Every structure is written in structure tokens, then in C-alpha cells.
Ligand SMILES: [Zn+2]
């Protein structure tokens, strides 16, 4: 997973690492896209649409 640049799609903050909850990864069967777990509120989201932990606390 090295070299992965993740930007919060809410505040634009660059995340050095995935949010701690986002170790859980699935592959969308329809699109083949990798989806990361982004918390209970956000559910599974693609890498370019992840939300940082701070924004997760507010809303998704
Ligand atoms: Zn954010």
C-alpha cells in the first residue's frame, strides 16, 4: 500500500495513511473498484472519495 496518496474529499486534507478504520477493503463486483471502509457513517468508499477521521466525526 506504499505510495498511496489519499486526500479527504471533505476538507482536502492529505492523509498520510488510511484512516485507522480503513484497513478493511473490498472490491466492487460491478466496477472492479477498490473500496475502503470509511466508518459506520460513510460505509465503503473509493480511495478518491475517502473522508478523514476529523470529518467523519462531524458528518459524512
Ligand atoms: Zn477531512
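Residue numbers (the working numbering): 1103 to 1162. For glycine and all other residues, C-beta sits at the position ideal for the given N, C-alpha and C. Treat the numbers as computed from the prediction; the structure is a model and nothing was measured.
Requested in this report: Just grab the DSSP bridge partners of residue 1137 for me.
Outcome: Within the chain shown, residue 1137 is the residue found at index 35, counting from 1. For residue 1137, the beta-bridge partners assigned by DSSP are 1128, 1148.
Query - Contact set, ligand 1 heavy atom to C-beta under 5 angstroms - result: The set, ordered by position in the chain, is 1110, 1112, 1113, 1115, 1154, 1157.
**Report entry** Buried versus exposed call for residue 1127 [16 or more other C-beta atoms within 10 Å across all chains shown]
**Finding:** Along the chain shown, read from residue 1 onward, the residue named residue 1127 stands at position 25. A residue is called buried once 16 or more other Cβ atoms fall within 10 Å of its Cβ, and residue 1127, having fewer, is exposed.
Query raised in the report: Where do the N-terminal and C-terminal ends of the alpha helix (DSSP H) with residue 1162 fall, by residue?
Result: As a first step, residue 1162 must be located in the chain shown, where it is residue number 60. Per DSSP, residue 1162 lies in no alpha helix (DSSP H) and is assigned neither H nor E.
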